[in-house]
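Please read the structure below before turning to the comments.
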Amino acid sequence: MTLSTPLSAATARTSAPTISSLMKLALERPEIVSLAAGFVDQQSLPVEISARAAAQVLGDEPAGKAALQYGTTIGDEALRAIIVERLEVQHGVPPGTYRQAVNRTVLTTGSAQLIYLIGEALLDPGDIVIVESPTYFVFLGPLETRGARAVRTPIDGDGLRLDELERTFERLREEGSLDRVKLVYTIPEHANPTGISLAIDRRKGLLDLVRRWSETAGHRIHILEDSAYHGLSYGRPEADSLWSRDPEGESVILARTFSKTFSPGMKLGYGVLPKDLVDPVLTLKGNHDFGTSNFVQKLVRLVLANGDYDRHVERLKTVYARKRDVFVEAIERYFEPIRDRVTWTKPSGGLYVWMSLPEDVDTGFDGPLFSRCLAERVIYVPGEYAFAPEPTPPPKHHLRLSFGVPDEAALVEGARRLAEAVRVTLG
Ligand SMILES: Cc1ncc(COP(=O)(O)O)c(C=O)c1O
Numbered sequence: 017m018t019l020s021t022p023l024s025a026a027t028a029r030t031s032a033p034t035i036s037s038l039m040k041l042a043l044e045r046p047e048i049v050s051l052a053a054g055f056v057d058q059q060s061l062p063v064e065i066s067a068r069a070a071a072q073v074l075g076d077e078p079a080g081k082a083a084l085q086y087g088t089t090i091g092d093e094a095l096r097a098i099i100v101e102r103l104e105v106q107h108g109v110p111p112g113t114y115r116q117a118v119n120r121t122v123l124t125t126g127s128a129q130l131i132y133l134i135g136e137a138l139l140d141p142g143d144i145v146i147v148e149s150p151t152y153f154v155f156l157g158p159l160e161t162r163g164a165r166a167v168r169t170p171i172d173g174d175g176l177r178l179d180e181l182e183r184t185f186e187r188l189r190e191e192g193s194l195d196r197v198k199l200v201y202t203i204p205e206h207a208n209p210t211g212i213s214l215a216i217d218r219r220k221g222l223l224d225l226v227r228r229w230s231e232t233a234g235h236r237i238h239i240l241e242d243s244a245y246h247g248l249s250y251g252r253p254e255a256d257s258l259w260s261r262d263p264e265g266e267s268v269i270l271a272r273t274f275s276k277t278f279s280p281g282m283k284l285g286y287g288v289l290p291k292d293l294v295d296p297v298l299t300l301k302g303n304h305d306f307g308t309s310n311f312v313q314k315l316v317r318l319v320l321a322n323g324d325y326d327r328h329v330e331r332l333k334t335v336y337a338r339k340r341d342v343f344v345e346a347i348e349r350y351f352e353p354i355r356d357r358v359t360w361t362k363p364s365g366g367l368y369v370w371m372s373l374p375e376d377v378d379t380g381f382d383g384p385l386f387s388r389c390l391a392e393r394v395i396y397v398p399g400e401y402a403f404a405p406e407p408t409p410p411p412k413h414h415l416r417l418s419f420g421v422p423d424e425a426a427l428v429e430g431a432r433r434l435a436e437a438v439r440v441t442l443g
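All residue numbers for the sequence shown refer to this note's numbering, where the first residue is 17 and numbers rise by one.
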């Protein structure tokens with residue numbers, strides 16, 4: 017008799033990750049230019065810096081042994097202190113201003129773990145998270161697992177639209193669901209998937225708006241500020257974080273990572289949490305792994321302290337700024353004949369360009385454009401995956417393009433192939 021495996025309801029309602037089939041495709045067919053992968057530039061990964069730091073961490077017998085031992089669930093205290101000091105420098109406040117935040121800083125296995133833990137700590141089935149339209153599609157997975165409702169709210173070229181967010185809250189109140197709204201999830205810096213940043217003059221308004229609706233709802237609605245691309249700004253200073261307007265830790269959760277600016281293979285991220293969330297998150301992290309790789313934490317602490325990290329980020333920004341320019345210029349050139357029907361973003365940082373086609377063009381895996389692109393040997397992420405399912409079915413006419421992985425020649429060729437596929441599809 018063949019016995020079935022009865023999966024949990026949470027597993028059963030979770031869809032397979034979108035990107036894994038695209039990664040498999042790119043690996044199986046190396047002739048394809050992948051504008052789909054969210055990986056980082058391979059050539060600039062910090063091998064030498066990391067080798068030196070690893071040798072130093074292990075060079076001293078007692079320190080080496082400490083690094084190879086388990087650490088604590090919250091993470092290395094010296095590293096947490098450095099992170100908070102860097103927040104002070106970034107926001108131009110006197111040293112020590114954010115000292116209290118050190119014990120509210122939790123080191124995690126990538127920021128992916130942090131945002132997962134936030135979902136786990138806050139959400140029951142039926143609870144609501146307001147997300148940007150479009151948003152980081154990977155976060156929609158944990159929301160699905162928790163049985164939470166992801167409700168989208170529009171953005172424009174300056175990020176989250178506050179008038180629309182107000183309308184979204186209003187609509188949820190009218191349907192009697194305000195008591196279920198727990199979280200607003202935003203990516204205010206060089207967002208994945210659009211490359212768009214939240215305008216400075218909207219930042220205070222966003223906090224005020226969410227605080228006002230928290231009062232109306234009668235419970236705290238948190239803002240999850242996912243700034244995974246912090247540090248990768250090309251040619252303009254980084255805006256102050258939303259968190260810097262709430263350093264006492266009431267409602268903003270700041271999530272950051274060393275994946276994009278240093279190494280995704282190290283998989284080290286962190287969250288600076290409101291005080292009410294520190295213990296719940298640590299309890300849950302205890303269930304996950306009771307601590308992120310201690311060795312990686314010591315290594316990253318070292319490269320932050322000796323300046324190697326900052327020097328690396330400076331070099332990396334030059335590499336990505338150049339890739340962004342090469343890619344956007346190639347798009348401008350090859351899409352010129354159809355530019356009245358296609359739009360795209362020019363990001364000031366991060367790794368992504370968001371392209372929009374006429375509304376009747378389906379960019380999905382089963383649509384005409386994707387198969388045309390396979391014939392042309394280029395792939396992208398269909399935009400529909402970046403839209404939460406509510407309040408209306410996701411639009412299907414967008415594409416997420418990443419310039420992180422391909423080299424400059426491949427970016428030009430990828431843009432050429434994509435333009436050809438789009439031209440043929442539009443007829
Ligand atoms: C917006 C955003 N948040 C979080 C992550 C997770 O990154 P990691 O877990 O490597 O820190 C990513 C990775 O692509 C991302 O794009």
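Just so you know, even glycine gets a beta-carbon here, dropped at the ideal spot from N, CA and C.
Would you check if there are 3 or more beta carbon pairs closer than 8 Å linking the stretch 133–148 to the stretch 276–283?
-> no
S213: CB within 7 Å of a non-hydrogen atom of ligand 1 | Sequence index remark: in the sequence shown, residue 213 carries index 197 (1-based). Residue side-chain check: S213 keeps its Cβ at 7 Å or more from all non-hydrogen atoms of ligand 1.
Scan the stretch 164–212 and note each continuous beta strand (DSSP E) run of 3 residues or more that stays entirely inside, going in chain order.
-> 165–172, 197–202
Following the continuous alpha helix (DSSP H) through D242, name the residue where it begins and the one where it ends.
-> As a position in the sequence shown, residue 242 is number 226, starting the count at 1. Unbroken run through D242 is the beta strand (DSSP E), 238–242; no alpha helix (DSSP H).
From the DSSP output, in three-state form, read off R68 for me.
-> Here the question's residue 68 lines up with position 52 in the sequence shown. R68 falls in the helix class under three-state DSSP.
What residue does the alpha helix (DSSP H) around Y325 start on, and which one ends it?
-> Here residue 325 refers to the residue found at position 309 of the sequence shown. Residues 324–350.
For I395, the three-state DSSP class (helix, strand or coil) = As a first step, residue 395 is located in the sequence shown; it is residue number 379 there, counting from the start. DSSP places I395 in strand when its eight states are reduced to three.
Confirm the yes/no value for this check: CB of S372, any heavy atom of ligand 1, distance under 7 Å.
-> Looking up residue 372 in the sequence shown gives position 356. When distances are taken from the beta-carbon of S372 to the heavy atoms of ligand 1, even the shortest one reaches 7 Å or more.
Nearest-angstrom Cα distance between V440 and G247?
-> Walking along the sequence shown from the start, residue 440 turns up at place 424. Walking along the sequence shown from the start, residue 247 turns up at place 231. So the two alpha carbons sit approximately 38 Å from each other.
Any idea which residues DSSP pairs G287 with across the strands?
-> Working through the sequence shown from its first residue, we reach residue 287 at position 271. Answer is V122, A271, bridged to G287.
Is the closest heavy atom of ligand 1 to the C-beta of T273 under 7 Å?
-> Taking the sequence shown and counting its residues from 1, one reaches residue 273 at position 257. Yes, Cβ of T273 sits closer than 7 Å to a heavy atom of ligand 1.
According to DSSP, what are the bridge partners of Y368?
-> The residue you call residue 368 lines up with position 352 of the sequence shown. Y368 is bridged to S418.
Say yes only if the C-beta of Y286 is nearer than 7 Å to one or more non-hydrogen atoms of ligand 1, and no if none qualify.
-> Working through the sequence shown from its first residue, we reach residue 286 at position 270. No, the Cβ of Y286 stays beyond 7 Å of every heavy atom of ligand 1.
DSSP state of E148, grouped into three classes?
-> As a working note, residue 148 is residue 132 in the sequence shown. It is a strand residue.
Would you give the residue range spanned by the alpha helix (DSSP H) that A233 belongs to?
-> Taking the first residue of the sequence shown as position 1, residue 233 is located at position 217. It spans 216–233 - the alpha helix (DSSP H) in which A233 sits, taken as one unbroken run.
Can you grab the Cα-Cα spacing for the pair S230 / T21, in whole Å?
-> Sequence index remark: in the sequence shown, residue 230 carries index 214 (1-based). Sequence index remark: in the sequence shown, residue 21 carries index 5 (1-based). Their Cα atoms are separated by approximately 42 Å.
How many angstroms separate the CA atom of R168 from the CA atom of I65?
-> The count along the sequence shown starts at 1 and reaches residue 168 at position 152. The count along the sequence shown starts at 1 and reaches residue 65 at position 49. Computed Cα separation, rounded: 41 Å.
Distance, T121 Cα to A94 Cα | Start at 1 with the first residue of the sequence shown, and residue 94 comes out as number 78. Start at 1 with the first residue of the sequence shown, and residue 121 comes out as number 105. Looking at the two C-alpha atoms, the distance is approximately 11 Å.
What's the gap between the Cα of L298 and the Cα of D140?
-> In the sequence shown, counting from the first residue as 1, residue 298 sits at position 282. In the sequence shown, counting from the first residue as 1, residue 140 sits at position 124. Those two C-alpha atoms are separated by around 18 Å.
Secondary structure at S249, three-state DSSP: helix, strand or coil?
-> The sequence position of residue 249 within the sequence shown is 233, counting from 1. Three-state result, S249: strand.
Give a single yes or no on whether D242 has its beta carbon closer than 7 Å to a heavy atom of ligand 1.
-> Residue numbering aside, residue 242 sits at position 226 when the sequence shown is read from its first letter. D242 Cβ: within cutoff of ligand 1.
First through last residue of the alpha helix (DSSP H) which encompasses T161 | For the purposes of this step, residue 161 is taken as the residue at position 145 of the sequence shown. Where T161 is concerned, the enclosing alpha helix (DSSP H) stretches over 153–162.
Looking at C-alpha atoms only, which residue of G91, R261, L214 is the closest neighbour of E254?
-> The residue you call residue 254 lines up with position 238 of the sequence shown. Of G91, R261, L214, the residue nearest in Cα terms is L214.
Tell me whether Y152 counts as near ligand 1, meaning its Cβ is closer than 7 Å to at least one heavy atom of that ligand.
-> Numbered from its first residue, the sequence shown carries residue 152 at position 136. Checking the Cβ of Y152 against ligand 1 gives yes.
Which value, in whole angstroms, describes the spacing of the CA atoms of G108 and V200?
-> Numbered from its first residue, the sequence shown carries residue 108 at position 92. Numbered from its first residue, the sequence shown carries residue 200 at position 184. One C-alpha to the other measures close to 27 Å.
Residue interval of the alpha helix (DSSP H) (run including S36) = By one-based count along the sequence shown, residue 36 stands at place 20. Counting along the chain, the alpha helix (DSSP H) containing S36 begins and ends at 34–44.
P110, buried or exposed, once every other Cβ within 10 Å from all chains shown has been counted against 16 | Counted from its first residue, the sequence shown places residue 110 at position 94. Exposed, since its Cβ has fewer than 16 Cβ neighbours within 10 Å.
Are the stretch 361–381 and the stretch 410–427 touching by the rule of at least three beta carbon pairs closer than 8 Å?
-> In short, these stretches touch, since the Cβ pair count reaches three.
For T359, the residue or residues it bridges with in DSSP = Start at 1 with the first residue of the sequence shown, and residue 359 comes out as number 343. DSSP, once it has assigned bridges, lists S372 as partnering T359.
heavy atom of ligand 1 below 7 Å from K283 C-beta = Your numbering for residue 283 matches position 267 in the sequence shown. Checking every heavy atom of ligand 1 against the Cβ of K283, one is found closer than 7 Å.
Could you check which residue in H238, V226, S372, D195 has the C-alpha nearest to that of R416?
-> Within the sequence shown, residue 416 is the residue found at index 400, counting from 1. Among H238, V226, S372, D195, the Cα nearest to that of R416 is on S372.
Regarding I35 and ligand 1, is the C-beta to nearest heavy atom distance less than 7 Å?
-> Position 19 of the sequence shown, counted from the first residue, corresponds to residue 35. Checking the Cβ of I35 against ligand 1 gives no.
Please name the residue, chosen from E348, L442, F343, that lies closest to R388 on a Cα-to-Cα basis.
-> In the sequence shown, the residue the question calls residue 388 occupies position 372. Of the candidates E348, L442, F343, the one whose C-alpha sits nearest the C-alpha of R388 is L442.
Check whether the stretch 203–218 touches the stretch 355–367, counting contact only when three or more Cβ pairs, one atom from each stretch, lie closer than 8 Å.
-> yes
Consult DSSP for V56 and reduce its assignment to one of helix, strand or coil.
-> Taking the first residue of the sequence shown as 1, we reach residue 56 at position 40. Note: V56 maps to coil in three-state DSSP.
Pull up the CB-CB distance for R272 and S249, whole angstroms please, since I reckon it's below 8 Å.
-> Sequence index remark: in the sequence shown, residue 272 carries index 256 (1-based). Sequence index remark: in the sequence shown, residue 249 carries index 233 (1-based). About 14 Å separates the Cβ atoms of R272 and S249, ruling out a contact at the 8 Å cut-off.
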